[in-house]
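J.: If you use our numbering, the sequence shown corresponds to residues 1088 to 1520, in order.
Heads up, the beta-carbon is just placed ideally off N, CA and C, and yes, glycines get one too.
Submitted below is the structure of interest, expressed as structure tokens.
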Amino acid sequence: MERYYQPEIECAPREEIVAIQNEKLVRQVRHVWDNVPYYRKKMEEKGLTPDDIQSIDDLKKLPFLSKFDLRDAYPYGLLGVDLKDCVRIQSTSGTTGKRVVAFYTQHDIDLWEECCARAITAAGGTNEDVCQVSYGYGLFTGGPGLNGGSHKVGCLTVPTSSGNTDRQIMFIMDLSATILCCTPSYAAYLAERLNEMGYGPDDIPLKAGIFGAEAWSEEMRQDIQNKLGIKAYDIYGLTELSGPGVSFECSAQSGMHINEDHFLAEIVDPDTLEVLPEGSEGELVFTSLDKEAFPLLRYRTRDICRLTREKCPCGRTHVKMAKPRGRSDDMLIIRGVNVFPSQIETVLLNLGYAANYLIIVDRVNNTDTFEVQVEMTPEMFTDNVGEVSEKQRQLVDALKSMLGIRAKVTLVAPKTITRSEGKAVRVIDRRKI
Ligand code: DLL
């Protein structure tokens, strides 16, 4: 049976959702105009006033915001309320330049946690569940967001945060945790450890996982589901818009419903910025319709994906986004060819490897070098040189047919590639060092 946290809005007829969006957009543009001089200036430069925005059809007139603006306006330049009305900040784990700092009023926290509660309920969560939150707590939004959502649903919340894998497993087994929230790469690691400790899918009390914060393939979903004996649900979000819960999967597991009463989505061509028709692949752009403290309009996420309004069997009416292929900035350009790490993951899992790999790119004599280190599973580990080179050849061919370019494949012994407890680091690009 499909469960909903707020059925009246999650399953509302399309006209009702559009009416809510129209009303909220007009109000939000006025709020930003009145309170965020940085964005008001951008509107003025385009000759716009709030009166030009009467409905969501006018959205395309508004200027975009990008990560560049966030850095430019750091830390307070995009704040929409007095600092005394803010109750929290969260921040990204950005490795280059300034971190993004997002601000929240109590109202913003409530709506964020509600979005996470919708995701947990869609994964079957009720007040009878034990929900272990193994996303990091602190500045990262994963832990605090799912923690708040879990409280709202009434689950017994186990705030383990990330890391200390043996303790995670102790709590899962001793408290009979039924829902696990963490990154997919950490879920894969927990599954590996549980299996090594002799727990098969039927011994593990978990029934659902809510995994996101990084790109993961359909093959990885199957692998985690089989090893943990659960149904694995994708969840998406970003700090700039609140955190996890901007969109989430339902039982159909075929794309994530965007919480359209709070976030208006567009797909644009990343080069021309032209809005693309439904179904096209492009950059995801979001407008937050009712956030007070950090009200971003037309924010360019750099995530590449597509939207679909096909009717969903779960009964929800909100638009769905496909799994993002990864950020446009995760995309590697190797010898002129676009390569997403998630494509490599697909190849590996299809050939029976686990998602333990590292991509190393460099430039030697003006030519890109491209190496993929792949960890053998214990079952395939062998000292037989002939067998190893046969496996390598098979991988080189499979990668070539997926990507169109040749990689050097190095097979490494089990357990030699560092496991991730949060977002996995899969790429070393020495060209940038
Ligand atoms: O990763 C928020 C989050 C926490 C989402 C927990 C889901 C679960 P940031 O650290 O700001 O926020 O990173 C946001 O991560 O723009 C995407 O590129 C990527 N991302 C997030 N969820 C997914 C997903 C959190 N389900 C950036 N699939 C986003 C693919 C994802 N990429």
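Can you find the residues in the same chain that come closer than 6 Å, C-beta to C-beta, to D1216, ignoring five residues on each side of it along the sequence?
T.: C1242, T1265 and I1266
J.: Buried or exposed: which applies to G1366, given that a residue is buried once 16 or more other Cβ atoms fall within 10 Å of its Cβ?
T.: Exposed, because fewer than 16 other Cβ atoms sit within 10 Å of the Cβ of G1366.
J.: Where does S1429 sit, in a helix, a strand or coil, going by DSSP?
T.: helix
J.: According to DSSP, simplified to helix, strand and coil, what is Q1093?
T.: coil
J.: Report the three-state DSSP secondary structure of G1236 (helix, strand or coil).
T.: helix
J.: In this structure, how does DSSP classify D1144 when only helix, strand and coil are distinguished?
T.: helix
J.: What separation, rounded to the nearest whole angstrom, lies between the Cα atoms of M1343 and A1409?
T.: 6 Å
J.: Any heavy atom of the ligand DLL closer than 8 Å to the beta-carbon of V1187?
T.: Within the cutoff, so yes.
J.: Buried or exposed for R1517, please, with buried defined as at least 16 other CB atoms from any protein chain shown within 10 angstroms of its CB.
T.: exposed
J.: Would you be able to state if there are at least three C-beta pairs under 8 Å between the stretch 1430-1444 and the stretch 1126-1138?
T.: With a cut-off of 8 Å, the stretch 1430-1444 and the stretch 1126-1138 do not count as touching, because too few Cβ pairs lie within range.
J.: Among all the DSSP beta bridges, which residues are the ones paired with P1055?
T.: The structure shown has nothing for residue 1055, since the chain only spans 1088 to 1520.
J.: Smallest Cα separation from R1480: which of F1468, R1493, D1470 and T1469?
T.: R1493
J.: With 16 as the cutoff for other CB atoms within 10 Å, does Y1163 come out buried or exposed?
T.: exposed
J.: Rounded to the nearest angstrom, what separates F1373 and P1382 at their Cα positions?
T.: 11 Å
J.: Since I1291 is in the alpha helix (DSSP H), which residue starts that stretch and which ends it?
T.: Taken as a continuous stretch (DSSP letters only), I1291 belongs to no alpha helix (DSSP H), as it is neither H nor E.
J.: According to DSSP, is D1197 part of a helix, a strand, or is it coil?
T.: helix
J.: Select from P1501, N1109, R1450 and H1194 the residue whose C-alpha is nearest the C-alpha of G1420.
T.: According to the sequence as given, residue 1420 is Ile; it is not Gly. When each option's Cα is compared against that of I1420, the closest is R1450.
J.: Between G1065 and Y1224, how many whole angstroms is the CB-CB distance? I'm expecting something under 8 Å.
T.: Because the chain here runs from 1088 to 1520, residue 1065 falls outside it and cannot be looked at.
J.: What does the Cβ neighbour count give for I1291, buried or exposed, with the cut at 16 atoms within 10 Å?
T.: buried
J.: What is the residue span of the alpha helix (DSSP H) that H1405 lies within?
T.: Counting along the chain, H1405 falls outside any alpha helix (DSSP H), and DSSP gives it neither H nor E.
J.: Starting from Q1115 and walking both ways along the alpha helix (DSSP H), at which residues does that stretch end?
T.: Q1115 -> alpha helix (DSSP H) spans R1101 to N1122.
J.: Contact check, G1235 vs W1199 under 8 Å by CB: the rounded distance?
T.: 7 Å
J.: Assuming L1498 is part of the beta strand (DSSP E), what are its boundary residues?
T.: K1495 to V1499
J.: When DSSP labels each residue in this structure, what does T1270 get in the three-state scheme?
T.: Here T1270 sits in coil by DSSP.
J.: Between the C-alpha atoms of I1256 and L1376, what's the straight-line distance to the nearest angstrom?
T.: L1376 has its alpha-carbon roughly 40 Å from the corresponding atom of I1256.
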